[in-house]
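Residue numbers (UniProt numbering): 1 to 179.
Beta carbons: idealized from backbone N, C-alpha and C, even for Gly.
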């Protein structure tokens with residue numbers, strides 16, 4: 001039986017999407033999420049509520065595209081507010097440097113060199129802060145898990161889709177948390 005809602009069955013014990021995610025976040029990331037929540041609560045939601053009210057006052061709602069669109073957008077904003085509120089309660093803010101800054105831990109900026117001599121700069125952050133353009137990877141990612149606890153000049157091997165890749169840690173930097 002085929003259908004657009006049918007998906008391939010995966011064993012929950014082996015499915016990587018079912019692995020628990022860490023609830024760590026940097027102080028900057030937590031502040032960014034709080035800012036988004038504040039903007040949605042104080043600016044976006046009241047503006048959409050006003051638009052929905054004005055569109056509803058025009059009459060027949062079943063044929064009112066402005067009402068339908070703004071009502072859906074309002075529901076999306078309310079769901080996002082609910083999610084961010086719950087997520088911020090679950091998160092643990094890491095607002096201090098590790099005791100041993102010579103090893104890779106959460107929040108570290110790490111420079112890696114591969115076998116061809118190419119350098120890669122990454123930062124280990126929480127699941128909610130990942131950003132591929134900045135090369136900020138989740139602490140739950142396979143590369144990050146391989147790096148945790150490693151020191152300068154350690155060699156790390158990571159399984160990649162194209163085969164195993166080896167890296168050497170050439171630099172570890174921590175930025176002091178901003179309050």
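Extent of the continuous beta strand (DSSP E) to which residue i belongs
i	result
residue 112	109 to 114
residue 26	24 to 26
residue 9	It is not in any beta strand (DSSP E) - residue 9 carries neither H nor E in the DSSP assignment.
residue 138	136 to 138
Cβ neighbours of residue i in the same chain (closer than 6 Å, five flanking residues each side left out)
i	result
residue 98	105
Selected residue, minimal CA-CA separation from residue i, among the options
i	options	result
residue 156	26, 149, 162, 166	166
residue 159	51, 71, 144	144
residue 116	138, 174, 154, 168	168
residue 112	154, 62, 49	154
residue 190	131, 72, 101	Nothing can be reported for residue 190: it is not among the residues displayed for the chain, which extend from 1 to 179.
residue 164	65, 51, 142	142
residue 150	175, 103, 128	103
residue 64	52, 74, 75	52
residue 86	128, 138, 152, 28	128
residue 90	14, 137, 66, 126	126
residue 198	75, 60, 107	With the chain represented from 1 up to 179, any question about residue 198 goes unanswered, as that position is not in the structure.
residue 109	170, 14, 20	170
Residues that DSSP places opposite residue i in a beta bridge
i	result
residue 155	168
residue 59	DSSP output for residue 59 lists no bridge partner at all.
residue 36	DSSP lists no partner for residue 36.
residue 119	113
residue 173	109
residue 103	151
residue 94	26
residue 131	136
8 Å Cβ shell around residue i - same chain, five flanking residues per side excluded
i	result
residue 135	120, 121, 122, 123
residue 92	23, 24, 25
residue 88	30, 33, 34, 37
Range of the contiguous alpha helix (DSSP H) that encloses residue i
i	result
residue 77	65 to 90
Same chain only: Cβ atoms within 7 Å of residue i, ignoring 5 sequence neighbours per side
i	result
residue 73	48
residue 58	64
residue 71	52
Any non-hydrogen atom of the ligand GTP closer than 6 Å to residue i Cβ
i	result
residue 127	Looking for the ligand GTP in the displayed structure turns up nothing, as the structure carries no ligands at all.
Is it true that the stretch 40 to 48 meets the stretch 80 to 89, where meeting means three or more beta-carbon pairs spaced less than 8 Å apart?
-> yes
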